[in-house]
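Counted from 1, the sequence shown has number 614 at position 620 by the working numbering; the numbering is strictly sequential.
Have a look at the structure below before the remarks.
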Amino acid sequence: MDVPQTPAKVLPHTVTVTVERGNRLQGRKAEFQSFVKVEVDGTVLGESEKRVRHLSETCFNYEFSCSFQCARDPQAIAELARKLGIVTVLDFLPEEKKADTRTVVLGQAVLDFLPLLHGQTSFSSRVPLYSAAAIQTKTQDNNNKPTVDVVVHVSEALVSADALSFCNLLRVTVETAFSVPESWTLPSGSSPTASSYTAALEVPLTAEKNQMLVFCDGTLKAGGVREERGRQKKRPFLPQLLPANTVVPGAFMELESVENENGELMGKEDLSFRKEAETKKNRVSWDVEMCCFLNREATNRLRETITKCKLWPLEIMRSMQPLEETSEIPFHGVAFVDMTHLLFPGATRIRGAYCIQPFSESLLSHKAKRSVSVLKEYTKDVAVAARCSSAADKKAAGKGSAKKPVVKMNRTDAVTEIMSEMEQAVNTQGNLYVEARTYIMIEISLEKPLIPKTPPEELSRRVMALIPPKPPLPKGPTKAQRAVQSYHEQVANVVSQVCEQVEELYCCDCSLTEINREHMKAEVMGELNMSGRYFAFKEQLKHAVVRIVRDKMQRTESITNPRQRQEFVSKLYVYLVDEMHVALNKIYSDEIHDETEGFHLSQAQLRHFAKEAQSIGDYEQSLEYYQELLVRNPSDPLNKFDLGSHYMLTGDYMKAKEYYHDAVATDQAHQPSLIMCGVLAIMSEQYTEAQTFLEHAATLESYGVEAWTLLGLLHQSQEDEVLCERAFLEANKLLKAKGAPRLKNVLKVWSELMERSAEEKEKLGTRATPPTPQEEHQQESENADSKHEEKKHEAEEQRILNRASIYAETVSFLLQNSALQMAERALAQELLSSDGGQSVFYLLHLARLHLLRKNYSSALANLEVVLDHNDENAEAWALKGHCLFLQGSLNSAQESYECSLSFHPPPENPHLVLLRLGDICQQEGQFEQAKLVHLQACEQSPSCLTWLGLGAACYRLGELSLAETALTEANHLNNRNAQVWAYLSFICLKSGRLKEAEQFYKYAVQFKLQNEDLIREYTQMFDQARFSYLDHCFEGAAS
């Protein structure tokens, strides 16, 4: 018959503590005897033998070992985080009589066992030894202080290496409760009644159990001074500890800005109250830190618990006598700590001020989803322990008083019934917290984040997986530049050979008349044809022209449409002639020119002209400018980003995506392109890709506010509240850091203005004679100017504050890049987040959104509301002018534009305002005003259109010389503008230059002149000029 085997008994871990030596100990005598005593958790583990230190020795070699048992269950291992090892060094003072021997405490050293919870099997530590009168300071020097060398050893690791990566350390610090009820006064008299102040919080211990953190022995302090800065955190109270060992080494509470807090009372209206409460009112201070070890199951449970309910209750009470098990808790309050921030990726700490409210079970159940009060459980356990200690002997009572109450999760029906009866009583004392606006400072930190943060390197790798980076372009000129250079070289070669032919025929005879020159030209051409050189020249140039068509103009496919082919040939001819002139200038100029001189316009000019063409709706011209920018510098991601934004405006999202991706492939850290890739991914419902793009963009600078805000909108659409809140908080932090310098400058100017005004008033107040009437009038005028300046600075400050919204920054970026769908979502959030309803900013950007969608009536309605609120808003007047202009209401648009230009600050795009205002004046026949407006535009931001407007106005005023100069400048900036050629032909007709006029008009027709009025005007003027010429000829023949 088989005997059933009993399961093997699991032996506990044995933790061995070895005190090796004491260093720099000072006794009452030069030679003295000393020994050490070791205790853990109130239990004395043993005492060493007495050692004698001789004069030649510098330390005591104790070599004393003792041990204690630690069970292998998770609860016992977790409790080790709060256990302390206390090493007491004693001086043995022998007397002549054995009965008179006594001991004196030389010092006490404290060590914790946290290294064992980090997977170590042994660790050594040199622990400072403090006497009863010693005090730890932040900057003290421990080099010359007494120390004790201690080694802690365990046979095997308490936490395995595999489990260690999933474990965590939770630290909870209860600092100070400010603005406590006025009835809490400091005790006075000979025998005041002592009050105890207790706070309690419940956190996970294991997968099923909780542990109660009780912060006892709060100290009531009088107001009048602030709490000391940099004060040290304390350990939980133990009667065995000397004063210097009651604090946590290296743990200090530094002063932090309210903006970095995560709690409540962070608004502007709360700051003044907090300042008063922290300086003038009574407070209760704990400054105690408790450490909790969380194994894998407890860490998962902590994360799940926060996910289910983000508010955790911290209860507080004030008692003046020992509480009975069924007695009501006096001054029972509760503060709800929002733990959501610990679910943010990478977050390990929260700290803030939390308002204390009267405790009620209904409030606890509603906010924290809990049904039992932690303090009620604590008082019940204390009462039970007190009854047990009174019935037991003194030794058991001593052990019982040293132990902390343990949380019992199983409650009997009788206790539940008692608690429910207690809840029926009204918490009148707790209401005092609300009247006093009491709040408590709490800090909760973790050793490792609950949700790991994706490192930037990993985000970069993910972006590279979606958009592989392009290899860097080879150094030197681009293909387009090499094609143009090759053409210049071939032109120079042809010129050189033609010159040789001329020298062969005519040597150096340059004294030729016009007729002789024509004859020479015919002879040279004939000789070139006869010799075959002319054909060779054409073949020589053909390859260079093919390279320009392929590499510069990016034409690789044949054009089948005859009309399009003719347009392209005309464009190519004009370009080749221009580049031929550039090559000839290089040959015959004495100056040394840069290789890039062939580019007449700078990149800044090209970008300005492209945006100008976009704003007036000439998308074809805008596209040409952007393509020219890309050809010039294909390695600049901004050029590709601009092309993507152009296609966003025209509604070609596939092309836009192509160029945005190309920009990221060129530069993986180009933040605007990453953001727009994320926006397009959201629009196409590719949320994983969108999150990758936006998270990577958020790690970069410049556009961090927009990236975090869009990331928050993405998480909001996926109903991920935690990540959504985290993204919006990060965006707000960046926005405050971004707007602080601007607001600081405004406040600085304002303060200087106020100081100057005060100094002037002080000077006037010290005058011996009364001021004259003229001086009084001047003073009133200066006061009025000062008030006006003050109002202006107040308006500027308010403008900055009004714009200080993460949605405002994001909407501006999205509208600039024509992402209308996402801009509408961001505007909706701006409306929901604003306390005052529809703000000026919201209405302005909503009007801009309607304007881009060509919904002019809705845009005008929003702008009217803005102008009713503030009729000096230049941007609102400008947008109203654009709406009216596009609707054809020119007179009303002119009034709006003029109002816009009269106010400060100017509109965001004054160039377009001046351009359209000048066009309106031109159409209305107000040529003098049109001239002034276009002249202002030419001074601020010159372009082909501004010079064209100025030239047209001067032409209508009969100022032909100024008109020709302006039009020539316009032609220099853009020689493919049909209206410029048309007006130049008008001037030539007026000046009697019929051949030039005819040639210029051919260019106008070649570049698609579509203005019927100009065509009709040219026909009439040309007919008149031709008839006048014929009349002049007939008159000459008759004479």
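Even glycine gets a Cβ: it sits at the ideal position worked out from N, Cα and C.
*asked:* Could you tell me which whole beta strand (DSSP E) segments of length 3 or greater appear in the segment 185 to 214?
replied: 190 to 198, 204 to 209
*Nearest candidate by alpha-carbon position, reference residue 898, set 911, 876, 864*: 864
*Do the segment 521 to 539 and the segment 598 to 617 make contact, defined as three or more Cβ pairs closer than 8 Å?*
no
*Contact set for residue 295: own chain, Cβ-Cβ below 7 Å, skip 5 residues either direction*: 198, 201
*Out of 515, 38, 281, which has the shortest C-alpha to C-alpha gap to residue 224?*
281
*asked:* Residues in the same chain with beta-carbon distance under 6 Å from residue 1042, minus the five sequence neighbours each way, listed in chain order, please.
replied: The displayed coordinates of the chain run from -5 to 1033. Any statement about residue 1042 would go beyond what the structure contains.
*asked:* So, for residue 542: in the same chain, excluding its five sequence neighbours on each side, which residues have a beta-carbon less than 7 Å away from its beta-carbon?
replied: 477, 478, 481
_First and last residue of the uninterrupted beta strand (DSSP E) at residue 799_ = Premise fails: residue 799 is in no beta strand (DSSP E) and is neither H nor E.
*In chain order, what residues of the same chain have a beta carbon less than 7 Å from the beta carbon of residue 586, not counting five sequence neighbours either side?*
Reliability fails at residue 586, whose pLDDT of 41 lies under 50, so the model's placement of it is uncertain and the value that follows must be treated cautiously. If we look at residue 586 and ignore the five residues flanking it on each side, it has no Cβ neighbours.
*asked:* Can you look up residue 591 in the DSSP assignment and give me helix, strand or coil?
replied: Its pLDDT being 44, under 50, residue 591 is placed unreliably in this model, and the coordinates cannot settle the point.
*Three-state secondary structure (DSSP) at residue 450?*
helix
*Between residue 1007 and residue 874, what straight-line distance do the alpha-carbon atoms span, to the nearest angstrom?*
28 Å
_Between the CA atoms of residue 253 and residue 265 - distance to the nearest angstrom_ = 11 Å
_According to DSSP, simplified to helix, strand and coil, what is residue 178?_
coil
_Where residue 661 sits in the DSSP three-state scheme_ = coil
*Compare the Cα-Cα distances from residue 432 to each of 348, 495, 358, 472 and report the closest residue.*
348
*Quick one: Cα of residue 12 to Cα of residue 176, how far?*
52 Å
_Helix, strand or coil at residue 531 according to DSSP, with G and I counted as helix_ = helix
*May I ask which residues mark the beginning and end of the beta strand (DSSP E) holding residue 80?*
78 to 87
*Which first and last residues belong to the alpha helix (DSSP H) in which residue 948 is found?*
938 to 950
*asked:* Within 10 Å of its beta-carbon, does residue 836 have 16 or more other beta-carbons around it, so buried, or fewer, so exposed?
replied: buried
*Among 18, 581, 692, 633, which has the Cα closest to the Cα of residue 605?*
633
*Assign residue 314 to buried or exposed, taking buried as 16 or more other Cβ atoms, counted over all protein chains shown, within 10 Å of its Cβ.*
exposed
*Using the DSSP secondary-structure output, state which residues sit across from residue 331 in a beta bridge.*
306
*Alpha carbon to alpha carbon, what distance is there between residue 518 and residue 512?*
10 Å
*Do you know offhand how far residue 144's Cα is from residue 443's?*
32 Å
*In the structure shown, what three-state DSSP assignment does residue 31 receive?*
strand
*Contact belief for residue 357 with residue 311 at Cβ below 8 Å, rounded distance in angstroms*: The pair is not a contact, with the Cβ atoms about 16 Å apart (cut-off 8 Å).
_Supposed contact pair residue 350 and residue 436 - C-beta distance, whole angstroms, cut 8 Å_ = No, residue 436 and residue 350 are not in contact; Cβ-Cβ is about 11 Å, not under 8 Å.
*Check the C-beta distance from residue 58 over to residue 44 and give it rounded, since I have them as a contact under 8 Å.*
In fact, because the Cβ distance is near 11 Å, the residues do not count as touching under 8 Å.
*Taking all protein chains shown into account, decide if residue 684 is buried (16 or more other Cβ within 10 angstroms of its Cβ) or exposed.*
buried
*Closer than 8 Å by C-beta to residue 669: which residues in its own chain qualify, once you throw out the five before and the five after it? Chain order, please.*
687, 688, 691, 697, 700, 701, 704, 807
*asked:* With a threshold of 6 Å on Cβ separation, who are the neighbours of residue 463 within its own chain once the five nearest residues in sequence on each side are excluded?
replied: 659, 662
_Cβ contact (3+ pairs, closer than 8 Å) linking the segment 256 to 265 and the segment 30 to 42_ = no
*In this structure, does DSSP put residue 53 in helix, strand or coil?*
strand
*asked:* On the criterion of 16 or more Cβ atoms from any shown chain inside 10 Å, does residue 116 qualify as buried, or is it exposed?
replied: exposed
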